[in-house]
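**Q** Adding 1334 to a residue's 1-based position in the sequence shown gives its number in my numbering.
We treat Cβ as the ideally placed atom computed from N, Cα and C, and that holds for glycine.
Nothing here was measured: the structure is a model prediction, and the numbers come from that model.
Got a structure here, written out as structure tokens. Questions coming.
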Amino acid sequence: MQVRFLPRGHMPSFLDEPIGNIRYFAPAAVKKLARLKIATVRDLLYHFPSRYDDFSDFIPIADAKPDCAATISGEILSAKNIRTFKKRMMITEIVVGDESGEINAVWFNQPYLLNQFQTGRRINLSGKIAPNKKRLCFSNPAYEIADSGRGGSLRQKEPLHTGRLVPVYPETYGLTSRWLRSIIKPLLKFAGRAPDVLPAELRKENNLPDFESAMAQIHFPASVENAASAKRRFAFEELFILQMFMGLNRLKFQRQTAPAVPFDENAAKKFVKTLPFELTGDQKKAAWQIIGDMSQNRPMNRLLEGDVGSGKTIVAAMAAYLAALKNFQTAFMAPTEILSRQHFEKIAPLFAKSGIAAGLLTSSESRIFSNSGEKISRKKFLEKVADGEIKILIGTHALVQKSVRFKNLALAIVDEQHRFGVNHRAALLKNGSGAPPGGTPLVPHLLSMSATPIPRTLGLTIWGDLDLSLIQEMPKGRKNIITKITAPAERSEVYEFIRNEIKNGRQAFVVCPLVEVSEKLSAKSAEGREIKAAKKEQAFLQEKIFPELKIGLLHGRLKPKEKEKTMAEFLNRNLDILATTSVVEVGVDIPNASVMMIEGADRFGLASLHQFRGRVGRGKHQSYCFLMADSPSAQTSKRLKALESAQNGFKLAERDLEIRGPGDFTGIRQSGLPDLAIASLADLRLVEETREAARKILSRDPNLKNYPILKSRLAEFRNRVHLE
């Protein structure tokens, strides 16, 4: 049935018109569209096909062959509904003929179709042909009445569902691709009245079609080439908007003023000499980039990215040390108390050698590094921060509480930056050094760190507002971790291996997906195997498998003091095995641990598995990682085999991108970015083209005075998308 669309309201804003304001969209349809996150005309038009069925090649009926797909056009010779009492089913059957012959077509339990199949009208049929005793037959084919049939006229209609490249859309219950084609097609005639967000010169430089023609061709392409061109245009558009968004963020940050920290070469050399190890070439390069940024009065906004155990923390510590020598403060924020405490205990002694006071602040404790063991009240501790006496403050998000005031904060370090939201980082950056006389307020330099390697295409886009320093070179003497996918039948062998490692003085982790079996997440895998829970596993290992050993338990629900006690016992070798959850994914450093056993490995992402594996292999001993999979699907097996064969996190990230796609890899599937943009994040050439296009426009018109349409679209994008 053809439906007339009469949009209400102002035509220039037609794309932003709510679907409910357009006549003939019934409330029930509006609700169904909402399930596909379609609320406006823009949402509907940007609901692009996931694929196309090629029904463009018509054949004579006589050339149809069994078990082959075909498209035919003919006259309806007869039509009827048949009730089969044996199967309690209604069958709609028609006979279609052309100059070469006749063919049957049947549909099941759709008796209403008979109203459309009037004898004498022309019909197109597309689908698979089934063999039949009497004659060949289409079974549930796509169909389309090919003439209007109104007022005695049999005018030919433009094909929509057959006889062309037919779009197939993401669907939901009650909304079929056929229905979506019928409502999208009439809307396309209004596309020409919508402004094109891509400037004309940009389309010309990158050989892109305009909005109106691209929108028509992505939904109803005249050819495969036209569909590809339209898809590229909209992928370019979405990535370009994202790049512009990131570029504007970068410009906004760069317009601010930061305290310049003069570089002291002698002090830097002195710090390096105090280290018990030699810095790698990548560490030296990253440190030089950071020091150079900090010496400017324009705020640094740099990401230090490095594999597990590559030595990012010591590079950040050097930056904090140099800032402290110039009487500036540093805030070093980590996502967990365990990691904050570990940073504090590792790097505070390095500062103490130079008389620099470092403090630890979490929700449960506040202390200054001191050999005297002197205790200090939280009030007194915060006073020392406010007075500038504590030069380096390490902690959790407790650092951004209102009660924490810095005197002259020049450097903010955020470890595992993707685990903090924009608000956390913004709150940290508000604690600047104050404004110089007659000047603007100062903001601290920002150094973000991440141990999750990310492919270059994603880094150029998702972290496009950051400068990037990479540490890919691992410290000398570090041995590769032997990784093995282990079948359930090999479990006893793994237990025996762990026992032998512990006899040789080593320790082991056992990571489980759950804390306890009563969690909402099903306690059974698809194959009926029990999903391991840390509490139950710790008791099982202690009582049944390793009664002679000491086994601890660590998970996120423990109180901070309990976590601290457990980690201290494990670090001091008072525990042989630690049964734990993903709480150990980030930063836990136990040099004596040599075995990582991951239960339910198929339930974790590849990045998480790589992080777990990185908890071992941090000392001089050969280390091992066993991947226990509950239900290894084909895709899971690919991921686990990739981990088994690859040690380098950056290569692993590229492999993960190939297997899972950029949306799942980066966790931005729920960010609000369109699927087409997410899929295009893997296209390095397109990412670089859009990045360059955004750079050119922002360099000549940073306020977008000459691009009001683009400026408006970016404002809408900011409200819709959340990349944290």
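Give the straight-line distance between the Cα atoms of Glu1835 and Phe1678, rounded to the nearest whole angstrom.
**A** Cα to Cα, the separation comes out at about 30 Å.
**Q** If you draw a straight line from the C-alpha of Asp1544 to the C-alpha of Asn1449, how long is it?
**A** The straight-line gap from Cα to Cα measures roughly 41 Å.
**Q** If you drop the 5 nearest sequence neighbours on each side, which residues of the same chain put their C-beta closer than 7 Å to that of Ala1413?
**A** Answer for Ala1413: Ile1428, Leu1448, Phe1451 and Thr1453, listed in chain order.
**Q** Quick check: what's the CA-CA separation for Arg1385 versus Gln1841?
**A** Rounded to whole angstroms, Arg1385 to Gln1841 spans 52 Å at the Cα level.
**Q** Go through its chain and collect everything with a Cβ distance to Thr2060's Cβ below 8 Å, but skip five positions before and after it.
**A** Since the first residue shown for the chain is 1335 and the last is 2058, residue 2060 is missing from the structure and cannot be characterised.
**Q** My understanding is that Ile1472 touches Ile1437, with C-beta atoms under 8 Å, so please give their C-beta distance in whole angstroms.
**A** Here residue 1472 turns out to be Phe, not Ile, going by the sequence shown. Phe1472 to Ile1437, Cβ: 7 Å. Contact.
**Q** Assign Val1719 to one of three DSSP states: helix, strand, or coil.
**A** Residue state, collapsed to three classes: helix.
**Q** To which residues does DSSP link Ile1805 through a beta bridge?
**A** DSSP lists Gly1640 as partners of Ile1805.
**Q** By DSSP's criteria, Arg1385 is part of a beta bridge. Which residues make up the other side?
**A** In DSSP, Arg1385 forms a bridge with Val1502.
**Q** Give me the residue from Tyr1477, Ile1865 and Ile1552 with the minimum Cα distance to Phe1938.
**A** Selected option, being the one with the closest Cα: Ile1865.
**Q** Excluding the 5 residues flanking Asp1923 on each side, which residues of the same chain have their C-beta closer than 7 Å to its C-beta?
**A** So the qualifying residues of the chain are Gln1676 and Arg1952.
**Q** With 16 other CB atoms within 10 Å as the buried threshold, where does Leu1925 fall?
**A** For clarity, residue 1925 is Pro in the given sequence; the question names Leu instead. Exposed, because fewer than 16 other Cβ atoms sit within 10 Å of the Cβ of Pro1925.
**Q** Leu1745 and Pro1778: beta carbons closer than 9 Å?
**A** Going by C-beta atoms, Leu1745 is nearer than 9 Å to Pro1778.
**Q** Enumerate in chain order the residues of its own chain whose CB-to-CB distance from Met1549 is below 7 Å, with the five nearest sequence positions on each side excluded.
**A** For Met1549, where only same-chain residues beyond five positions count, the Cβ hits under 7 Å are Leu1379, Leu1522 and Ala1525.
**Q** Please find out if some non-hydrogen atom of the ligand GDP comes closer than 8 Å to the beta-carbon of Ile2043.
**A** No copy of the ligand GDP occurs in the structure displayed, which carries no ligand at all.
**Q** What would DSSP say about Ser1434, mapped onto helix, strand or coil?
**A** Residue state, collapsed to three classes: coil.
**Q** Compare the beta carbon distance of Ile1407 and Leu1459 with 9 Å and say whether it is the shorter of the two.
**A** Contrary to the premise, residue 1407 reads as Ser rather than Ile in this sequence. Yes.
**Q** How is Ala1476 classed by DSSP in three states: helix, strand or coil?
**A** Ala1476 falls in the strand class under three-state DSSP.
**Q** Could you give the uninterrupted runs of the alpha helix (DSSP H) lying entirely in the segment 1575 to 1623, keeping only those of 4 residues or more?
**A** Segments of the alpha helix (DSSP H) lying fully in the segment 1575 to 1623: 1599 to 1608.
**Q** With distance defined between alpha-carbon atoms, name the residue in Ala1668, Leu1585, Ala1873 and Val1649 nearest to Asp1749.
**A** Asp1749 has its Cα closest to that of Ala1668, out of Ala1668, Leu1585, Ala1873 and Val1649.
**Q** Compare the beta carbon distance of Glu1478 and Gly1508 with 9 Å and say whether it is the shorter of the two.
**A** In this structure, Gly1508 does not lie closer than 9 Å to Glu1478 by Cβ.
**Q** Name the residue from Leu2038, Lys1462, Ala1592 and Lys1371 whose alpha carbon lies nearest to the alpha carbon of Pro1504.
**A** Taking only the C-alpha atoms, the option nearest Pro1504 is Lys1371.
**Q** Express the C-alpha separation of Ala1691 and Ala1868 in angstroms, rounding to a whole number.
**A** Going from the Cα of Ala1868 to the Cα of Ala1691 covers about 38 Å.
**Q** If you reduce the DSSP assignment to three classes, tell me which class Glu1409 lands in.
**A** The answer is strand: DSSP assigns Glu1409 an E or B state.
**Q** From Arg1891 to Ile1885, what does the alpha carbon distance come to, in whole angstroms?
**A** The alpha-carbon atoms of Arg1891 and Ile1885 are separated by roughly 18 Å.
**Q** Does the segment 1624 to 1632 come close enough to the segment 1653 to 1661 to have 3 or more Cβ pairs within less than 8 Å?
**A** Cβ pair count under 8 Å is three or more, so yes.
**Q** Comparing alpha-carbon positions, which option in Glu1639, Gln1551, Ala1823 and Asn2040 lies nearest Met1534?
**A** As written in the sequence, residue 1534 is Ala, which differs from the Met given in the question. Here the closest residue by C-alpha is Asn2040.
**Q** Spatial neighbours of Thr1608 within its chain, please: C-beta separation below 8 Å, excluding the five flanking residues on both sides.
**A** Excluding residues within five positions, the ones whose Cβ falls inside 8 Å are Leu1684 and Lys1687.
**Q** So is Val1558 buried or exposed if we call it buried at 16+ other beta carbons inside 10 Å?
**A** With fewer than 16 other Cβ atoms within 10 Å, it is exposed.
**Q** What residue range is occupied by the uninterrupted beta strand (DSSP E) comprising Thr1820?
**A** Ile1816 to Thr1820 is the span of the beta strand (DSSP E), which, as asked, contains Thr1820.
**Q** Closer than 6 Å by C-beta to Arg1417: which residues in its own chain qualify, once you throw out the five before and the five after it? Chain order, please.
**A** Within the same chain, Arg1417 has close Cβ partners Met1424.
**Q** Buried or exposed for Pro1501, please, with buried defined as at least 16 other CB atoms from any protein chain shown within 10 angstroms of its CB.
**A** Classification of Pro1501: buried, given that the 10 Å Cβ count is 16 or more.
**Q** Looking only at its chain, what residues have a beta carbon closer than 6 Å to the beta carbon of Arg1701, apart from the 5 residues adjacent to it on each side?
**A** Leu1694.
**Q** Judging by CA-CA distance, which residue of Pro1633, Glu1612, Val1606 and Ala1562 is the nearest neighbour of Ala1594?
**A** When only C-alpha atoms are compared, the closest one is Pro1633.
**Q** Quick check on Asn1635: buried or exposed, where buried means 16 or more other Cβ atoms within 10 Å of its Cβ?
**A** Buried.
**Q** Which two residues bound the contiguous alpha helix (DSSP H) that contains Ile2043?
**A** That run of the alpha helix (DSSP H) goes Pro2042 to Arg2054.
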